[in-house]
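Visitor: At position 114 of the sequence shown (counting the first as 1) the number is 114 in UniProt numbering, and the numbers step up by one without a gap.
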Amino acid sequence: GAIENKRSHKGCIVRDSLLVELALKTGMRRSELANLMAKDIHQDFLMVRNGKGGKDRVIPLVPSIAERLRNFSSNMKPEKKVFQLKPACISNKIKQFAKKAGITDFHTHSLRHKFATELLERGADIRVVQELLGHANLSATQVYLSITSKRIREAVSLLEKDEEKGASPEFIKTLQPAMDVSMLINTGRHFLKEI
C-alpha cells in the first residue's frame with residue numbers, strides 16, 4: 001500500500017543520489033554503472049568488469065562513497081546489479097536532475113568529463129587518469145588535458161580585462177567549473193523527495 005510505496009520511493013532517492021555521486025567520483029561510463037554487481041564492491045575500491053574494449057579495471061573509492069555503496073549493496077546477492085537500471089535509464093535520470101537544476105545539455109558523460117578534468121586540474125598524472133577512465137590510448141585522455149589548459153588560459157586572460165574595468169564578480173564566476181555538480185546532486189535529491 002501507501003507505506004510500501006513511500007519506502008520504495010525513499011529507496012529510489014538513495015539509489016539515484018548514490019548513482020550520481022558514484023559517476024562523479026569514479027568517472028565510470030553509464031554502461032559500467034548499469035553493469036556494476038554487488039560482488040564488484042570491495043572495502044575501498046570497486047572492480048569494473050568488461051569495460052570498453054572488454055578490459056577490467058580497479059577504481060579506488062573515497063571513504064564516504066565506499067561506505068554508502070557497501071551499505072546500499074550489503075543485502076544483495078553477489079551477481080545482482082547494484083542499481084538495476086539500464087544505461088538509457090541512467091542517462092534519462094541524470095538529464096532530468098540536470099534540467100531540474102537549470103543545467104542544459106548535460107549527460108552521464110558530463111560527470112565522467114568533470115571527474116577527469118578535476119583530477120588533471122589538481123595535478124594528477126595523466127597516465128593515472130588514463131587508467132582510471134579505462135582509456136586504451138593516452139590520446140583519448142589528452143583531450144581532457146587540453147580542455148583544462150584552455151580554461152586556465154581563459155582565466156588568466158580575464159586578469160587583463162579586470163585591470164581595465166576594475167574587479168568584477170563575473171571573474172570569480174568564470175573561474176568556477178561550468179557545471180555545479182553539487183547543485184545537481186542536491187537539486188536531484190530535492191526533486192526526488194517532491195515526486
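A virtual CB, placed ideally from N, CA and C, is assigned to each residue, including glycine. The model shown is predicted, which means the values in this text are computed figures rather than measured ones.
In chain order, which beta strand (DSSP E) runs of at least 3 residues are fully inside the UniProt domain "Tyr recombinase" (1-157)?
Guide: 45-48 and 57-60
Visitor: Mark Thr108 as exposed unless 16 or more other C-beta atoms lie within 10 angstroms of its C-beta, in which case mark it buried.
Guide: With at least 16 other beta carbons inside 10 angstroms of its own, Thr108 counts as buried.
Visitor: With a CB to CB cut of under 8 Å and the five nearest residues on each side skipped, what residues in its chain are close to Phe72?
Guide: Residues of the same chain with a CB within less than 8 Å of the CB of Phe72, apart from the 5 flanking positions on each side, are Val14, Arg15, Leu18 and Val82 in chain order.
Visitor: Taking Cβ to Cβ, would you say Ile90 is nearer than 7 Å to Leu132?
Guide: no
Visitor: Assuming Pro46 and Leu61 are in contact, meaning their beta carbons sit under 8 Å apart, how far apart are those beta carbons, in whole angstroms?
Guide: What sits at residue 46 in the sequence shown is Leu, not Pro. Confirmed, about 6 Å.
Visitor: When you compare only the Cα positions, how much space is there between Glu67 and Arg29?
Guide: One C-alpha to the other measures close to 21 Å.
Visitor: Taking the alpha-carbon positions, what's the Met37 to Asp56 distance?
Guide: 13 Å
Visitor: Let me check understanding here. Comparing Cα to Cα, which of Ser74, Val20 and Lys10 lies closest to Ser110?
Guide: Val20
Visitor: Can you list, in chain order, the residues of its chain with a C-beta nearer than 8 Å to that of Arg70? Leave out the 5 residues immediately preceding and following it.
Guide: Ile41 and Gln43
Visitor: On the criterion of 16 or more Cβ atoms from any shown chain inside 10 Å, does residue 197 qualify as buried, or is it exposed?
Guide: The chain is shown from 1 up to 195; residue 197 falls before or after that span and cannot be answered.
Visitor: How long is the line joining the alpha carbons of Ala155 and Ile126, rounded to whole angstroms?
Guide: 22 Å
Visitor: Quick check: the Cα distance between Glu79 and Asn35, rounded to an integer number of angstroms?
Guide: 10 Å
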